[in-house]
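In the working numbering, the protein residues as written are 4 to 202. Glycine included, C-beta positions come from ideal geometry on N, C-alpha and C. Working notes for the structure below.
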Amino acid sequence: MSGIIDRILGKKSVRNEVAMALSNRLSFENSQCDRFLLTKALTEDAASETEYMLFQKKLLLLELDKQQAIEAELDLLSQYIAMVNMLMPAGFLLKWENRFQPEKELLLPPLILFPMVQHAVTNGYNGMSSHPIRVRLSGSSKVLLFEVSHRANHYLEGQFKHTLIEDFQNRLEFLFPERHSLLLNSNSNTCRATLTIHF
4 MSGIIDRILG
14 KKSVRNEVAM
24 ALSNRLSFEN
34 SQCDRFLLTK
44 ALTEDAASET
54 EYMLFQKKLL
64 LLELDKQQAI
74 EAELDLLSQY
84 IAMVNMLMPA
94 GFLLKWENRF
104 QPEKELLLPP
114 LILFPMVQHA
124 VTNGYNGMSS
134 HPIRVRLSGS
144 SKVLLFEVSH
154 RANHYLEGQF
164 KHTLIEDFQN
174 RLEFLFPERH
184 SLLLNSNSNT
194 CRATLTIHF
């Protein structure tokens, strides 16, 4: 009943800008310093640890409010995926497919594509190469479509109830309030997150 009254009177929900700005920062910083992967790097041999620290240094140089070209974002994402494949145990597999072909230069907030992949790496059931994490990017200069799918983790009560995803949802709402959609689907076998951003 209140929904009908709200539509008649034109009442709109109020955005909590302060909370969303904090979520924006937290999501960025969680992507900037991936605790799960950092822990893995610190328990590996010295060469792997050194390689990860060089990558980590690049991430720490990024600034929250300074957008970067999509090519720079994709380069960092490719390096992150290489780090994941290097540090995770045998049998783990992450497949990355990039079909994105913009006709003009696009700018993105830094590390905006990281949380969905980080969530799959951290919380997915990824112990078998027959069930890899699949990361796909496609789109054009007008729309970006980013999809991450992985095997469901049956030990988790809610597949997407995690701060990486919750803060990421708020970050998207803060940065692209009317220009994005994030669909989170899961069944007994697969979890899929699909992000669409309109430019």
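So, with DSSP's three-state summary, where would you put residue i?
i	result
PHE149	strand
LYS61	helix
GLU108	coil
GLN71	strand
ASN188	strand
ARG18	coil
ARG182	coil
Can you give the beta carbon distance from residue i to residue j, rounded, assuming they're within the 8 Å contact cut?
i	j	result
PRO105	SER144	4 Å
ARG195	GLU150	7 Å
GLU110	ALA72	In the sequence on display, residue 110 carries Leu and not Glu. At roughly 6 Å, the Cβ-Cβ gap stays under 8 Å, so LEU110 and ALA72 are in contact.
GLY127	HIS153	4 Å
THR125	PHE39	5 Å
Please list, in chain order, all residues of the same chain as residue i whose beta carbon is under 7 Å from its beta carbon, the five residues on each side excluded.
i	result
ALA169	It is Glu, not Ala, that sits at residue 169 in the sequence shown. So the list is empty, once near-sequence residues are dropped.
GLN121	SER34, ASP37, LEU167
GLU108	ALA72
ALA24	PHE177
LEU77	ASN101
Between which two residues does the alpha helix (DSSP H) containing residue i stretch?
i	result
ARG174	166-178
GLU100	First-last for GLU100: 97-101, but that is the beta strand (DSSP E), not the alpha helix (DSSP H).
MET119	117-126
Skipping 5 residues on each side, what residues in its chain have a beta carbon closer than 6 Å to that of residue i?
i	result
LEU147	ILE200
Grab me the residues of residue i's own chain with a C-beta within less than 8 Å of its C-beta, minus the 5 sequence neighbours each way, in chain order.
i	result
GLU100	ARG137, VAL138, ARG139, LEU140
GLU52	ALA44, LEU45
What residue does the beta strand (DSSP E) around residue i start on, and which one ends it?
i	result
THR199	193-201
ARG137	136-142
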